[in-house]
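Numbering (the working numbering), first residue to last: 257 to 464. First up is the structure itself, then whatever we jot down about it.
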């Protein structure tokens, strides 16, 4: 069973933090080649702190995916790390940022096969979490490949601004809406493809 749930930073520290940070290093540094700081084969930063919450996705007890949430009233990647890129974009103080979204491809392939849509499930989990916490949307910074993945899902995302990290590397500040229609749209493919009961895919926590 694939289970997705959220934990606080303190809960993460006593359960899956080392495993999460190792998988993040494997994803962001080793596979994607991002300029992230790594230490002892793990990737973590100043935003891994008590102001953040984490969605963890576990299949039969093994961590395969995650995303981090930080309130926009707290230090975050949009207003701090990439402030020079996006400081002209007005942001709601009661908003939420997502970052460090990843799916471990090797574990997913071994445990669920190559075709199971873990990214789509994690997107749905983000929507379910946001609605459970009365959030009407999520702000995030994505790469061009990730922007393409988001658009392919049919999610009615809104690109707020494009920025250039280098001559060849672009990033995008994106708003991810989390209204009921976004939830239904993201869930519909899982319902039709895998026969999940409709009521089971729009809950939080999420078990499939």
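Note that CB positions come from ideal geometry on N, CA and C, so glycine has one too.
CA nearest to the CA of residue i, picked from the options
{"i": "residue 441", "options": "379, 283 and 357", "result": "379"}
{"i": "residue 416", "options": "397, 422 and 402", "result": "397"}
{"i": "residue 373", "options": "272, 329 and 409", "result": "409"}
{"i": "residue 308", "options": "295, 262 and 431", "result": "262"}
{"i": "residue 411", "options": "391, 424, 418 and 435", "result": "435"}
{"i": "residue 304", "options": "326, 295, 363 and 368", "result": "326"}
{"i": "residue 418", "options": "332, 350, 356 and 343", "result": "343"}
{"i": "residue 358", "options": "386, 426, 329 and 278", "result": "278"}
{"i": "residue 391", "options": "432, 364 and 426", "result": "432"}
{"i": "residue 275", "options": "322, 400 and 264", "result": "322"}
{"i": "residue 360", "options": "281, 424 and 297", "result": "281"}
{"i": "residue 463", "options": "371, 329 and 317", "result": "317"}
{"i": "residue 315", "options": "338, 362 and 356", "result": "362"}
Exposed unless 16 or more other CB atoms sit within 10 angstroms - verdict on residue i
{"i": "residue 313", "result": "buried"}
{"i": "residue 271", "result": "exposed"}
{"i": "residue 353", "result": "buried"}
{"i": "residue 333", "result": "buried"}
{"i": "residue 366", "result": "exposed"}
Simplified DSSP assignment, three categories, for residue i
{"i": "residue 428", "result": "strand"}
{"i": "residue 384", "result": "helix"}
{"i": "residue 283", "result": "helix"}
{"i": "residue 278", "result": "helix"}
{"i": "residue 420", "result": "strand"}
{"i": "residue 379", "result": "helix"}
{"i": "residue 439", "result": "helix"}
*Whole runs of the beta strand (DSSP E) within the stretch 325 to 366, excluding any shorter than 3 residues*: 352 to 359
_Quick check for students: name the residue ranges of the beta strand (DSSP E) that lie wholly in the stretch 295 to 326, counting only runs of 3 or more._
308 to 315
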